[in-house]
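Peer 1: For the sequence shown, this note's numbering assigns the number -9 to the initial residue and increments by one for each residue that follows. Ideal Cβ placement from N, Cα and C applies to all residues, glycine included. These numbers come from a predicted model, not from an experiment.
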Amino acid sequence: MSDHPVHRHDQADPIDEQHVRGKFASRLGFLLAAVGSAVGLGNIWKFPFVAGQNGGAAFILVYLGCVAFVALPALLVEFSLGRHCQTSAVGTYRQIAPGRPWWLNGLLGVVAGFVILSFYSAVAGWVLKYFVTGVTQGYSDFTPEASGGLFVGFINGTSGPLAYQFVAMVLTTVIIFFGIEKGIERTAKYLVPLLGVLLVALVVRSVTLPGSREGLLFMFRPDFGKLNAMSFVNAMGLAFFSLSVGMGAMMTYASYVDRSVNLGKTAVNVAALDTLVAVLAGLAIFPAVAAFGQQFSGGPGLVFVTLPQVFDQMPFGRVVGVAFFFLLFVAALTSMISIMEPVVTWLVDDLNVRRHVASVGAGAAIFALGVPACLSVTGDGLMGGIKIPFLGGEVTIFDFLDMVSQNIMLPLGAFIACLFLFFGWNRQRALAEVAGTAGNPHHPLLKVWYWCAVTIAPLGILTILVTKILEMAKG
Ligand code: PHE
């Protein structure tokens, strides 16, 4: 690799082009891409409901603490390592600690990306299906009696869900194919602000509905009595997943960032915007759910069963529903590209595959693993009968991929990254990297960061890992 990535030729020469690493063209582009990664299904269907169930505003306070002291420090570990080495996650560990096995953590991230995307794309496909349904026929079929059956009927099908998942994967692959600036950055620059505008419009619609107050109370009324040890673990797990930490997605994005960018500031902005979106998602959803007398719930049941009924009853509900599913698809798509990029960056940087070939190859391989995931969401799917032994029980392929990646691979990856900061890297270099060439490496907050990243953050993450494994083993 040349030390001088800047090209003298004005016209990119096709052979040389494969050796030039892409780059985010602007600070804003990087920020929006990272926000796009962070804002995903987690913010919209997990956070609001978990907050509502666990003490409302009291839980949100705990969540903020977990973001500040666990997730944000871990995010900065990834940012600083990625930017420092300007290569794939595997290459990053290799470069800093040659001859030692830390690089396996980079590989774990690549595998995690592969696995997560296989089922995340299935869910993104469902979102796309509900968007298309809204556009072509509206939500009038989604009566309280029919809504649940329609959803289960759809996800247990074969060609329908696979077709939508295929489209979601093709879109992701095409964006990745065009590279960092022309693919990822450009997509984020248009779609992430659009997501923000749509979300604010949906909040206004929701909170102005008569009878929406109960929804606000559900999510925000502080109830400190509901806080217990599990709320802390839940908040930590949520914060951590929501900031996309643990598989090298953020590390990979940061490897394409200019040295002058202050990573500390960027990470704080990402965390703040991600949390804001999670809170706004609750404001967009629960007041509307309350206004139409529906049950508060979370997860796929909320999005695919309850909300279509709400849209069916709401004035202008079809437009609102289409806007909502579009927003959710954008949130999923901008996360999907960040989950796939580490796989492609690894193929390009470590295995010298050309980006175009790597994108299409990775996209096809991930879709291939996505097929069994998609067909095993419930026991009634075509491959739902296949059971995988896991922690003393048996689970479907979909659940296996979901649990192994989210509950084991991500926390493990983040935990090892924090350990690496302390045992494998150099404190001075890490602080300078976080500040960037234009920032102050002696800023007192940087010391706070380092201290959190080598103490509270790994301990917190270890707690998530152990609790999740125990929880899964109990079934
Ligand atoms: N942060 C995304 C969400 O909230 C999920 C994600 C996890 C994306 C890990 C990338 C890496 O849905």
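#1: My assumption, with CB atoms under 8 Å, is that A321 sits in contact with L31. Please give the rounded CB distance.
#2: Do the CB positions of A467 and E175 come within less than 9 Å of each other?
#3: Could you say if the segment 239 to 259 and the segment 63 to 74 meet the contact criterion of at least three C-beta pairs nearer than 8 Å?
#4: Hey, out of M159, L266 and T335, whose CA is closest to K13's CA?
#5: Could you tell me the boundaries of the alpha helix (DSSP H) in which G124 lies?
#6: Any idea what DSSP makes of P38, helix, strand or coil?
#7: Does the distance from the CB of R11 to the CB of Q85 come in under 9 Å?
#8: Are the CB atoms of T324 and A23 nearer to each other than 9 Å?
#9: List the endpoints of the continuous alpha helix (DSSP H) containing G139.
#10: Using only the heavy atoms of the ligand PHE, determine whether one of them is closer than 8 Å to the beta carbon of G32.
#11: Using DSSP's beta-bridge definition, name the partner residues of P379.
#12: Among M220, V235 and K119, which residue has its Cα nearest to the Cα of F141?
#13: Enumerate in chain order the residues of its own chain whose CB-to-CB distance from N33 is below 8 Å, with the five nearest sequence positions on each side excluded.
#14: Does the distance from the CB of F39 to the CB of I446 come in under 9 Å?
#15: Regarding G115 and the ligand PHE, is the C-beta to nearest heavy atom distance less than 8 Å?
#16: In chain order, what residues of the same chain lie with their CB nearer than 8 Å to the CB of G55, ignoring the 5 residues before and after it?
#17: DSSP three-state label for Q284, please.
#18: Over the uninterrupted alpha helix (DSSP H) stretch that includes M166, give me the two end residues.
#19: How many Å lie between G19 and V260 at the Cα?
#20: Around the C-beta of H(-6), are 16 or more other C-beta atoms found within 10 angstroms, so that it is buried, or is it exposed?
#21: What residue range does the alpha helix (DSSP H) around L318 cover?
#22: Compare the Cα-Cα distances from S257 to each of F167, V57 and K36 and report the closest residue.
#23: Could you check where the alpha helix (DSSP H) with I451 kicks off and where it finishes?
#24: When we look at the beta-carbon of S108 and count the other beta-carbons within 10 Å, is it buried (16 or more) or exposed?
Peer 2: Taking the geometry as given:
#1: Within the sequence shown, numbered from 1, the residue matching residue 321 stands at position 331. Within the sequence shown, numbered from 1, the residue matching residue 31 stands at position 41. Confirmed, about 7 Å.
#2: The question about residue 467 has no answer here: the residues shown for the chain are numbered -9 through 465.
#3: yes
#4: Translated into the one-based positions of the sequence shown, residue 13 becomes position 23. Selection M159, L266 and T335 evaluated against K13 yields T335 as nearest (Cα-Cα).
#5: For the purposes of this step, residue 124 is taken as the residue at position 134 of the sequence shown. Per DSSP, G124 belongs to the alpha helix (DSSP H) from W93 to T126.
#6: Mapped onto the sequence shown, residue 38 falls at position 48. Three-state DSSP puts P38 in a helix.
#7: Residue 11 sits at position 21 when you count from the first residue of the sequence shown. Residue 85 sits at position 95 when you count from the first residue of the sequence shown. No.
#8: Your numbering for residue 324 matches position 334 in the sequence shown. Your numbering for residue 23 matches position 33 in the sequence shown. Cβ distance < 9 Å, so T324 and A23 count as in contact.
#9: Here residue 139 corresponds to residue number 149 of the sequence shown, with the count starting at 1. Its alpha helix (DSSP H) spans residues S137 to I145.
#10: Counting from one through the sequence shown, the residue named residue 32 turns up at place 42. Yes, the beta carbon of G32 sits closer than 8 Å to at least one heavy atom of the ligand PHE.
#11: The residue you call residue 379 lines up with position 389 of the sequence shown. According to DSSP, P379 bridges with E384.
#12: Mapped onto the sequence shown, residue 141 falls at position 151. It is K119.
#13: Start at 1 with the first residue of the sequence shown, and residue 33 comes out as number 43. Here the set comprises S232, D264, V267, A268, A271 and A321.
#14: One-based indexing of the sequence shown puts residue 39 at position 49. One-based indexing of the sequence shown puts residue 446 at position 456. No, the pair does not count as a contact, with Cβ atoms beyond the cut-off.
#15: Here residue 115 refers to the residue found at position 125 when the sequence shown is read from its first residue. No, the beta carbon of G115 sits no closer than 8 Å to any heavy atom of the ligand PHE.
#16: Looking up residue 55 in the sequence shown gives position 65. If we look at G55 and ignore the five residues flanking it on each side, its Cβ neighbours are A225.
#17: By 1-based counting over the sequence shown, the position of residue 284 is 294. Here Q284 sits in coil by DSSP.
#18: The count along the sequence shown starts at 1 and reaches residue 166 at position 176. The question names Met, but residue 166 is Ile in the sequence shown. Taken as a continuous stretch (DSSP letters only), the alpha helix (DSSP H) holding I166 covers S149 to F167.
#19: Numbered from 1 along the sequence shown, position 29 holds the residue referred to as residue 19. Numbered from 1 along the sequence shown, position 270 holds the residue referred to as residue 260. Cα to Cα, G19 sits roughly 12 Å from V260.
#20: For the purposes of this step, residue -6 is taken as the residue at position 4 of the sequence shown. Below a pLDDT of 50, predicted positions are generally treated as unreliable, and H(-6), at 43, falls in that range; no measurement from the model is reported.
#21: Position 328 of the sequence shown, counted from the start, is the residue given in the question as residue 318. Per DSSP, L318 belongs to the alpha helix (DSSP H) from G307 to L341.
#22: Position 267 of the sequence shown holds residue 257. Correcting the residue type first, residue 257 is Ala in the shown sequence and not Ser. That would be V57, whose Cα lies nearest to the Cα of A257.
#23: Working through the sequence shown from its first residue, we reach residue 451 at position 461. First-last of the alpha helix (DSSP H) with I451: I446 to K464.
#24: The residue you call residue 108 lines up with position 118 of the sequence shown. Under this definition S108 is a buried residue.
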